[in-house]
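Numbering (full-length UniProt numbering), first residue to last: 37 to 374.
Right, one structure below, let's go through it.
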Ligand code: SF4
Ligand code: MG
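In structure tokens form, the structure reads like this:
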């Protein structure tokens, strides 16, 4: 069976005044309906760029893209702006961290949800209003028939996020891209929003790409996980595989900052020493090598000179020069010494 979304060897480069930024450098993944793929990484790892590219929201004049993005069998990279606009909101939809930036302050919540619905279905204003109320009810807004006439500033942060989800789901999209949608919220509201997304996914069968820097959120919501570093995928697998038996030194570093996988969902990612790489002048070889504590274990200085390939078997894989057995021993030693 063909996966619902299939991304193959995606490369996204864009030109800036300072040179070419290699934001995404060879990314491959599949996503099935009703599944959630968590993409985790620090800022500047290429996760947001990947998703803007899927949505066709990248700046076309500055961007060079290679590879393939198939949504339900349709190639998106060769789609026209018009085709993409039809797909957005209808077949694929998105929610962002900042609901205020996605909602217009000048129109009521109901008008905005209704407008999206009308645009894609040709429904009447009356039908669109009824649909907006229904969606607000679904995302848990109390008194939706009254609140539908509120403006965004009359909603709390959590309620705005719910309204944005209502707007994103009003046309039953099959793919929802969520880019740090809970990052600005307090822990309780964050947990509520994650529960809401899971419920809605059950109900609608939506495929979700959930982008976050927070492994606690991944532990809560993802089925599969893709760990990105410096524009490349360094590790992938099921959530259980990646969180319980990490294979890549970078993933291990991320996990080391979590007290326990069953801990609270608001554990922030404690930074690994050093800074994420510049994608203008990415490090040679393994992009993680300037920050990796295992480079001296790899013979011949390969880490700095040769790109480790991501070898994937049954959806599981990682990109590191260290032989797997040796990695497992080293990781076990570290875990023992904590
Ligand atoms: Fe570290 Fe080398 Fe493995 Fe990269 S290839 S993660 S630098 S050991
Ligand atoms: Mg981002």
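Glycine included, every Cβ here is placed at the ideal spot set by N, Cα and C.
Going by DSSP, residue 339 is part of the alpha helix (DSSP H) stretching over 338 to 341. At a cut-off of 4 residues, the continuous stretches assigned as alpha helix (DSSP H) that sit fully inside the stretch 185 to 234 are 193 to 205. With 16 or more other CB atoms across the displayed protein chains lying within 10 angstroms of its CB, residue 196 is buried. For the set 213, 50, 78 and 188, the Cα lying nearest the Cα of residue 67 is the one of 213. At least one heavy atom of the ligand SF4 is found less than 7 Å from the C-beta of residue 356. As a beta-bridge residue in DSSP terms, residue 42 pairs with 66 and 106. Rounded to the nearest angstrom, the gap between the Cα atoms of residue 42 and residue 108 is 8 Å. Taken from the Cβ of residue 325, at least one heavy atom of the ligand SF4 lies inside 7 Å. In the DSSP assignment, residue 74 falls within the beta strand (DSSP E) that extends over 72 to 76.
Rounded to whole angstroms, residue 110 and residue 125 show a C-alpha spacing of 16 Å. Pairwise C-beta distances place the stretch 182 to 191 out of contact with the stretch 226 to 245, as fewer than three of them are shorter than 8 Å. Taking C-beta atoms as the reference points, residue 70 and residue 243 count as a pair closer than 8 Å.
Taking the Cα positions, residue 75 is about 15 Å away from residue 89. Secondary structure note for residue 262: its beta strand (DSSP E) is the uninterrupted segment 260 to 265.
Counting of Cβ neighbours within 10 angstroms places residue 142 among the exposed residues, the total staying below 16. Of all C-beta pairs linking the stretch 262 to 282 to the stretch 92 to 101, fewer than three are shorter than 8 Å, placing the two stretches out of contact.
A Cβ-Cβ separation of about 5 Å places residue 321 in contact with residue 341 under the 8 Å criterion. Annotated as proximal: residue 191 and residue 199, with beta-carbon spacing under 8 Å. Bounds of the beta strand (DSSP E) holding residue 248 are 243 to 248. DSSP, read as helix, strand or coil, puts residue 47 in strand.
In this structure, residue 252 sits away from residue 221, with a CB-CB distance that is not shorter than 8 Å. In the DSSP assignment, residue 252 falls within the unbroken alpha helix (DSSP H) covering 251 to 257. For residue 170, the uninterrupted alpha helix (DSSP H) segment begins and ends at 161 to 174.
When rounded, the separation of the alpha-carbon atoms in residue 132 and residue 225 is 15 Å. In the three-state reduction of the DSSP assignment, residue 354 falls in the strand class, which pools E and B.
Residue state for residue 61 is assigned as strand, using DSSP reduced to three classes.
Around the C-beta of residue 283, 16 or more other C-beta atoms lie within 10 Å, and the residue is accordingly described as buried. For residue 358 and residue 333, the gap between their C-alpha atoms comes out near 7 Å. Rounded to the nearest whole angstrom, the C-alpha separation of residue 352 and residue 346 is 10 Å. Closest in C-alpha terms to residue 356, from the list 270, 233 and 250, comes 270. In the three-state DSSP reduction, residue 53 falls in the coil class, being neither helix nor strand.
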